[in-house]
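Using UniProt numbering, the first residue of the sequence shown is number 1, and each one after it goes up by one. The structure appears right after this line, and notes come after that.
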Amino acid sequence: MVSGKSLKVSEAAPRAPKAPAAAPSHQSGHRERLRERARAGGLAALPDYELLELYLFRSLPRGDVKPLAKALLARFGSFAGVIGASVEELKIVSGVGEAAAVELKILHEATLRAGRETIAKRPVISSWTALLGYVRVALANESREQFRVLFLDKKNQLIADEVMNHGTVDHAPVYPREVMRRALELASSNVILLHNHPSGDPTPSRPDIEMTKQIIAAGKALGIVVHDHLVVGREGVASFKALGLI
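Right, here's the structure in full:
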């Protein structure tokens, strides 16, 4: 005899077996392998595109950045060219957003500050190799002409490195009286003039030579010596003094 109470039958579905953990993606594996190679062999052993990859990991935490690193190097010609490009220029490259562009400019500024500290700790004219390295980082990859002055004290130690003017792709107007006025404000006894040629060729032009003569003449009247004028391009650095132009 069956009672009036109905029997309850469990309707719960059988528990599905647990899915296996997802295997690490190829990209996460690549990033870790690249970091491991950097730890094991040192950053100096990495080619430029891999060093750039490592840096891009900071602002682009996912995805394959190797093609982007190679595209940046192809666009700007070198590692120095990449970090020396402006934020606007960097963002032209597909895949580079504001965050990645700013990160690269932070690296450029850090490199500049490290170089400036090196030349500031001793007389600039006795640390010429360090100075040349610094001016290349500062100016070689600028897309517009920029005129700067290194203001030095009586011992030829750096007081200040200042941009006196920005210009176009082939001209930056310079006013000798402004250079000398600033030298007097800083109590600078000696100066080194700097400017870049965005064309890449550092050979001084006729206007460069004439402008330098005017600054030298203005300095003589005030007892301020122009040690040199360095013209910086991607192809190298030209020294007026070495060329016999001063």
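Glycine is no exception: its CB is placed at the ideal position from the N, C-alpha and C atoms.
In its chain, beyond the 5 residues on either side, A218 have a beta carbon closer than 7 Å to the beta carbon of R177.
With respect to S126, K154 sits apart: the two C-beta atoms are not nearer than 8 Å. In this structure the segment 95-111 does not lie against the segment 208-215, because fewer than three pairs of beta carbons, one per stretch, are closer than 8 Å.
Annotation for V65: no beta strand (DSSP E) segment contains it, and DSSP assigns it neither H nor E.
It is roughly 16 Å from the alpha-carbon of D161 to the alpha-carbon of V174. In this chain, the alpha helix (DSSP H) harbouring Q214 covers 206-220. In this structure, the straight-line span from the alpha carbon of L194 to that of V163 is close to 9 Å. Cβ neighbours of F76 within its own chain (closer than 6 Å, five residues either side excluded): V82, A85. The criterion of a C-beta distance shorter than 8 Å is not satisfied by L56 and L34. In this model, E89 and A221 are separated by some 43 Å (Cα to Cα). Taking C-beta atoms as the reference points, V137 and A80 count as a pair closer than 8 Å.
Here I192 is bridged, per DSSP, to L150, D228.
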